[in-house]
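If you read the sequences in order, they're chains A and B. Residue 26 in our numbering is what sits at position 26 of the first sequence, and the numbering runs on without skipping anything. All you need for our numbering is the position in the second sequence, starting with 1, plus 1000. These notes are about the structure you will find just below.
Number of protein chains: 2
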Amino acid sequence: MGVAERKIREKEELKDQILKAAKRLFIERGFEKTSIRNIADEIEYSPGIIYHYFQDKNEIFHALHQEGFQELRKRMEILGAVDDPMSRLKAMGKIYIQFALENSDMYDLMFIIEAPIDFVEKRDDQCWIEGDSTFNQLRSTVHQCMQKGHFKGHKLEALSFMIWSTVHGMVSLKIRKRVIVLNAAEIDQIVENSYHSFLLILDNC
Amino acid sequence: MGVAERKIREKEELKDQILKAAKRLFIERGFEKTSIRNIADEIEYSPGIIYHYFQDKNEIFHALHQEGFQELRKRMEILGAVDDPMSRLKAMGKIYIQFALENSDMYDLMFIIEAPIDFVEKRDDQCWIEGDSTFNQLRSTVHQCMQKGHFKGHKLEALSFMIWSTVHGMVSLKIRKRVIVLNAAEIDQIVENSYHSFLLILDNC
DNA sequence: AAATATAATTGAACAGTGTTTAATGACAAA
DNA sequence: TTTGTCATTAAACACTGTTCAATTATATTT
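What follows is the structure in structure tokens.
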């Protein structure tokens, strides 16, 4: 059935167009200012059509946030080459921060904006596989650090979350513009310098 | 001029009513679902009146976020009784976290939501005194810790920001519902347990 | 090739949003 | 009682996400 296959392909192509248009608009105007009508205009279709491809606006941005995780995973691939778990942990944080600062809108969508997570929560499975797999990677690295004698007295889950929180805190305070409390001269490099402080502390663990 | 004074008082009273209504609605429905019309309904005035007391929606929520900082400052007052800077630093984090978890909507407004900071940025002075004074308190405590020989090799500004980031990261990941990646059994207590890990690390600094 | 069935697409509507403004109402001062 | 100054309103503007009956286009069957 060549026809049916072509139809499916065409449907996929339009879905892709919607996503590409949404991403374009999201990057240049942000979440709130990217409307369904804007997206429809961009692909030269009427607004209604979007609801034949996505349940609602949240699903569109959930799909977009998946692309962010794909990029983050890709950047993390290099960590396979780092044998020592402690070095790997440090490199992981560096990559995470770099990703967040270079793709701050995507990071916002992945870890701050409510839309994609609201979509996950309203779905049947209710599980956030994108976040899961990323946190698993951190957890297993921390686990290996502990097996090598680091982080004595710590509990794996709580410690892993603390480490995630530290890097997330730094980049999210920057992305949501709360760093203006700092001495003006330091604002631009604060995340890098602050992560350096974190690494210094890790050296005694 | 008794009349003029009464007028000013009445104006203040209505401004207060608007703020109280806004807070009520914000706490029970969130930022996006609290509309100018909702607030107007609540105080039984027409929507337009609100613009004679506030420039825009952002200013209303900036005023509300100030109330949050007032409450946070009040909770921090007890720290005056803690002489040892390292103990004070630890207590500070505990209070900060407790405030965030008990007033998560207010915390969201103060440190995540864009509205109040957008108002600050569009204002002439462009300075965020609420955040400033809170961060100053942390910085000066960290400074005293360093003077007592802690945190060798660290830079004050970067270290202070890292500490803030750690606690902010923990509570903001929880508030923005990214903790679902954790083992279900640990979610409820993760922030407490995670802060415990942080304290454990501080003991070696 | 024409008629039918199926799917894609639209346009209009609904109920909301923040914000502006001309008109109105209330009330104090002259 | 008139004038002037405010406070307040209703209506409008240009949007928002979402739904749905009607239309158009395409594929299958007769």
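Note that beta-carbon positions come from the ideal geometry of N, C-alpha and C, so glycine has one too.
7 Å Cβ shell around residue i - same chain, five flanking residues per side excluded
i, result
"A:L89", "T141, V142 and C145"
"A:T166", "F198"
"A:S46", "A40"
"B:N1038", "L1025"
"B:E1082", "For clarity, residue 1082 of chain B is Val in the given sequence; the question names Glu instead. Hits under 7 Å: R1088 and A1091."
"B:Q1017", "I1043"
"A:H196", "none"
C-beta contact flag for residue i and residue j at 7 Å
i, j, result
"B:G1030", "A:L200", "no"
"B:A1063", "B:L1019", "yes"
"A:A21", "A:E44", "no"
"B:Q1066", "B:E1130", "yes"
"B:F1069", "B:I1060", "no"
"B:F1111", "A:R178", "yes"
"B:I1027", "B:I1050", "no"
"A:A91", "A:L79", "yes"
Simplified DSSP assignment, three categories, for residue i
i, result
"A:K94", "helix"
"A:L182", "coil"
"B:V1082", "coil"
"B:R1024", "helix"
"A:D108", "helix"
"B:Q1055", "coil"
"B:I1187", "helix"
"A:F161", "helix"
"B:S1087", "helix"
"A:I60", "helix"
"A:I113", "coil"
"B:R1176", "coil"
"A:K122", "helix"
"B:G1169", "helix"
"B:E1013", "helix"
"A:E67", "helix"
"B:F1151", "coil"
"A:Y45", "coil"
"B:G1030", "coil"
"B:D1203", "coil"
"B:C1127", "coil"
"A:N103", "coil"
"A:P194", "Note that residue 194 of chain A corresponds to Ser in the displayed sequence, not to Pro. Note: A:S194 maps to helix in three-state DSSP."
"A:S35", "coil"
Residues of its chain near residue i, where Cβ-Cβ distance is below 8 Å and the 5 sequence neighbours each way are ignored
i, result
"B:F1151", "V1142, C1145, L1159 and C1205"
"A:V191", "I97, L101, M170, V171 and K174"
"A:Q194", "Reading off the sequence shown, one finds Ser at residue 194 of chain A, where the question assumed Gln. Cβ neighbours of A:S194 beyond the five flanking positions: M170."
"A:L109", "F26, F31, F61, L64, H65, G68, A115 and P116"
"B:D1105", "F1026, I1027 and G1030"
"A:M86", "C145, K148, H150 and L202"
"A:T34", "A22, L25 and F26"
"B:W1128", "I1117 and V1120"
"B:Q1126", "V1120"
Buried or exposed (CB count within 10 angstroms, at least 16 for buried), residue i
i, result
"B:R1139", "buried"
"A:N136", "exposed"
"A:K23", "buried"
"B:G1002", "With a pLDDT of only 49 at B:G1002, under the threshold of 50, the placement of this residue in the model should not be trusted; the figure read from the coordinates follows. When all chains shown are included, B:G1002 counts as exposed."
"A:H224", "Any question about residue 224 of chain A goes unanswered here, given that chain A covers just 1 to 205."
"B:I1113", "buried"
"A:I163", "buried"
"A:G149", "exposed"
"A:G48", "exposed"
"A:R9", "exposed"
Beta-carbon contacts of residue i that lie in its chain and below 6 Å, excluding the five residues immediately before and after
i, result
"B:L1182", "I1190"
"B:A1115", "N1058 and F1061"
"A:R75", "I95 and F99"
"B:D1118", "N1058"
"A:G93", "V167"
"A:Y107", "A100"
Heavy atom of the ligand SAH within 6 Å of residue i beta-carbon
i, result
"B:C1145", "Of the ligands one can find in the structure shown there are none, so the ligand SAH has no counterpart to examine."
For the stretch 1170-1189 of chain B and the stretch 154-162 of chain A, state whether three or more C-beta atom pairs, one from each stretch, are separated by less than 8 Å. In this structure the stretch 1170-1189 of chain B lies against the stretch 154-162 of chain A, because at least three pairs of beta carbons, one per stretch, are closer than 8 Å.
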